[in-house]
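Novice: Encoded as structure tokens, here's the structure I'll be asking about.
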Ligand code: FCB
């Protein structure tokens, strides 16, 4: 068993919570005026989701939100990160506002505040309205403009109550997994389209920050990036070069434009033939100051140089003896500590928070009603320890959010992956707090004392 760190390693006011996203939990995809998103389309296309499921019902959170917030309160969660479904608010993507969509998020935010839980909102967690997908999706700059308009509508309704805003969740995943690996909507496999999508997503972030600051100057704005450290699985310069390239594609391609106003030169040189068109003012827009950086950390990439594989020519290797989750992700807490200290050194964000961290395990509820998810308890203890070490070294970390509050629709893997602190029985929608939820509850309570 991995021990939890001393709660006193986290300063008073540090927030412990959990995260979810709209399409993964809400269900109610055709209710109260919600329009379709490209994830509805993708999930309903036969053969694309591992268990042939969709987010049509998911955790039915759209109807059970109050019960879910009660559970969060019972666990003592201090912050909750949710995402706002763009197609609920603007069913056509732009233009006509659907106030009923905003009503739902207003109930949610007020419900959180009533229970003493701080709301963190993410504006785009991958559910692009289908009409915007039909008009070119992230291949066209207009989608960035549409995103800024949508963001302002949400800010207008909720800006006085949401503590922290993130524009995008994981633009890397949106671009690469959606447009190169084909595993997420829109399901393409085209590198030039991927880089174009990445650039337009970054522009969308920049345009939204600009529009949101104009709408509400005091709002606390940032972005959530997925970060992953890479290590060489064997000594040698060629493997070190593979590590540099993999890191450049995964991490620096997004961090550098946002914090330094430029794409990383080494990777841009390798991508020369497929680089998107970049407007004269684009990088200034993308690199406007932000108030915080949210990071999603799960695992590392332990790689070897592999010239026969797609660029960055780095093939992931299994680490003998390590624990792997059902996602086939290695449990490596030290990577979180390395990443936090590196982000601080290379990019110096004003504040950092862990927007997602967690593990999928083959959880079952035993006959006595308990879910003994020991591997997740170890995972959380180890990663909280990594956060404690980073704090001691001066990283301005101020919140830690577990992915996820409850089991949910894990994108292309459907319901086969259980990431929750809370187990969901999809047949009955019964929620059961797992052992990890109870251990986390006790840790949070000890920190408060
Ligand atoms: C992240 C996503 C989140 C969830 C976790 C497991 O990439 O942001 O929605 O799927 O991975």
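Residue numbers (my numbering): 4 to 452. Just so it is clear, CB atoms sit at the ideal spot from N, CA and C, and this is done for glycine as well.
1) Can residue 61 and residue 408 be called in contact, C-beta distance under 8 Å?
2) Looking only at its chain, what residues have a beta carbon closer than 6 Å to the beta carbon of residue 333, apart from the 5 residues adjacent to it on each side?
3) Can you list the alpha helix (DSSP H) stretches of 4 or more residues lying completely in the segment 34-87, in chain order?
4) Tell me, please, whether the segment 96-107 touches the segment 45-62 by the rule of three or more beta-carbon pairs shorter than 8 Å.
5) Answer yes or no: do residue 249 and residue 209 have a C-beta to C-beta separation smaller than 8 Å?
6) Is any heavy atom of ligand 1 found at a distance shorter than 7 Å from the C-beta of residue 470?
7) Are the beta-carbon atoms belonging to residue 298 and residue 235 less than 8 Å from one another?
8) Write down the C-beta distance between residue 265 and residue 259 rounded to the nearest angstrom, noting that I regard them as a contact closer than 8 Å.
9) Quick one: using the 10 Å Cβ neighbour count with 16 as the cut-off for buried, is residue 180 buried or exposed?
10) What does DSSP give as the partner residues of residue 327 in its beta bridges?
11) Cβ of residue 43 versus every heavy atom of ligand 1: is any distance shorter than 7 Å?
12) Residue 318 by DSSP, collapsed to three states: which one?
13) Quick check: what's the CA-CA separation for residue 73 versus residue 109?
14) What residue range does the beta strand (DSSP E) around residue 122 cover?
15) What is the DSSP secondary structure of residue 409, counted as helix, strand or coil?
16) Closer than 7 Å to a non-hydrogen atom of ligand 1 - does that hold for the CB of residue 233?
17) Taking the C-alpha atoms as reference points, what is the distance between residue 88 and residue 237?
18) What whole-angstrom Cβ distance do residue 63 and residue 36 have, given they're in contact under 8 Å?
19) Shorter than 8 Å from the beta carbon of residue 90 to some beta carbon of chain C?
20) Quick test of your reading: residue 352 and residue 296, contact by CB under 8 Å. State the CB separation rounded to the nearest angstrom.
21) Mind reading off the beta-carbon distance from residue 207 to residue 146? Whole number of angstroms is fine, and I expect it under 8 Å.
22) Near residue 28, which residues of its chain fall below 6 Å by C-beta distance, leaving aside the five closest residues on each side in sequence?
23) Check whether the Cβ atoms of residue 400 and residue 447 sit closer than 8 Å, and answer yes or no.
24) Rounded to the nearest angstrom, what separates residue 166 and residue 387 at their Cα positions?
25) Using the Cα positions of residue 230 and residue 342, report the straight-line distance between them to the nearest angstrom.
26) What do you reckon, is the C-beta of residue 422 under 7 Å from a heavy atom of ligand 1?
27) Using the Cα positions of residue 316 and residue 192, report the straight-line distance between them to the nearest angstrom.
28) Can you give the Cα-Cα distance for residue 262 and residue 349, rounded to whole angstroms?
29) Which residue from 241, 214, 424 and 8 puts its Cα closest to that of residue 152?
Specialist: So, to answer that:
1) Your numbering for residue 61 matches position 58 in the chain shown. Your numbering for residue 408 matches position 405 in the chain shown. Cβ atoms of residue 61 and residue 408: not closer than 8 Å.
2) Within the chain shown, residue 333 is the residue found at index 330, counting from 1. Once the five neighbours on either side are set aside, the close Cβ partners of residue 333 are 302, 322, 325 and 327.
3) 41-46 and 64-78
4) Because the criterion of three Cβ pairs below 8 Å is not met, the segment 96-107 and the segment 45-62 do not touch.
5) Translated into positions along the chain shown, residue 249 becomes position 246. Translated into positions along the chain shown, residue 209 becomes position 206. No, Cβ-Cβ distance for residue 249 and residue 209 is not below 8 Å.
6) Nothing can be reported for residue 470, as the shown portion of the chain is limited to 4 through 452.
7) Mapped onto the chain shown, residue 298 falls at position 295. Mapped onto the chain shown, residue 235 falls at position 232. No. Outside cutoff.
8) Locating residue 265 in the chain shown gives position 262, counting from the first residue. Locating residue 259 in the chain shown gives position 256, counting from the first residue. So it is a contact: roughly 6 Å between Cβ atoms.
9) The residue labelled residue 180 in the question sits at position 177 within the chain shown. So residue 180 counts as buried.
10) As a first step, residue 327 must be located in the chain shown, where it is residue number 324. Residue 327 is bridged to 333.
11) The residue you call residue 43 lines up with position 40 of the chain shown. For residue 43, the distance from the CB to the nearest heavy atom of ligand 1 is not below 7 Å.
12) Mapped onto the chain shown, residue 318 falls at position 315. Strand, per DSSP.
13) Position 70 of the chain shown, counting from 1, holds the residue named residue 73. Position 106 of the chain shown, counting from 1, holds the residue named residue 109. Going from the Cα of residue 73 to the Cα of residue 109 covers about 16 Å.
14) Numbered from its first residue, the chain shown carries residue 122 at position 119. In the DSSP annotation of this structure, the continuous segment of the beta strand (DSSP E) that includes residue 122 starts and ends at 121-127.
15) Taking the chain shown and counting its residues from 1, one reaches residue 409 at position 406. Strand at residue 409.
16) The residue labelled residue 233 in the question sits at position 230 within the chain shown. The answer is no for residue 233.
17) The sequence position of residue 88 within the chain shown is 85, counting from 1. The sequence position of residue 237 within the chain shown is 234, counting from 1. So the two alpha carbons sit approximately 44 Å from each other.
18) Taking the first residue of the chain shown as position 1, residue 63 is located at position 60. Taking the first residue of the chain shown as position 1, residue 36 is located at position 33. Wrong, their Cβ atoms sit about 18 Å apart, outside the cutoff.
19) Any reference to chain C falls outside this structure, which holds one protein chain only.
20) Position 349 of the chain shown, counted from the start, is the residue given in the question as residue 352. Position 293 of the chain shown, counted from the start, is the residue given in the question as residue 296. That belief holds up - the Cβ atoms of residue 352 and residue 296 are roughly 4 Å apart, short of 8 Å.
21) Mapped onto the chain shown, residue 207 falls at position 204. Mapped onto the chain shown, residue 146 falls at position 143. The pair is a contact, with the Cβ atoms about 7 Å apart (cut-off 8 Å).
22) The residue labelled residue 28 in the question sits at position 25 within the chain shown. For residue 28, where only same-chain residues beyond five positions count, the Cβ hits under 6 Å are 61, 62, 64 and 411.
23) Residue mapping note: residue 400 aligns to position 397 of the chain shown, counting from 1. Residue mapping note: residue 447 aligns to position 444 of the chain shown, counting from 1. No; because the gap between Cβ atoms is not below 8 Å, this pair is not in contact.
24) Position 163 of the chain shown, counting from 1, holds the residue named residue 166. Position 384 of the chain shown, counting from 1, holds the residue named residue 387. The alpha-carbon atoms of residue 166 and residue 387 are separated by roughly 23 Å.
25) On the chain shown, residue 230 is found 227 positions in, with the first residue counted as 1. On the chain shown, residue 342 is found 339 positions in, with the first residue counted as 1. Whole-angstrom Cα-Cα distance: 8 Å.
26) Walking along the chain shown from the start, residue 422 turns up at place 419. True, at least one ligand heavy atom lies under 7 Å from that Cβ.
27) Working through the chain shown from its first residue, we reach residue 316 at position 313. Working through the chain shown from its first residue, we reach residue 192 at position 189. Using only the alpha carbons, I get a separation of about 17 Å.
28) On the chain shown, position 259 is the one that residue 262 refers to. On the chain shown, position 346 is the one that residue 349 refers to. Straight-line Cα distance between these residues: approximately 9 Å.
29) For the purposes of this step, residue 152 is identified with residue 149 of the chain shown, where counting begins at 1. Selected option, being the one with the closest Cα: 214.
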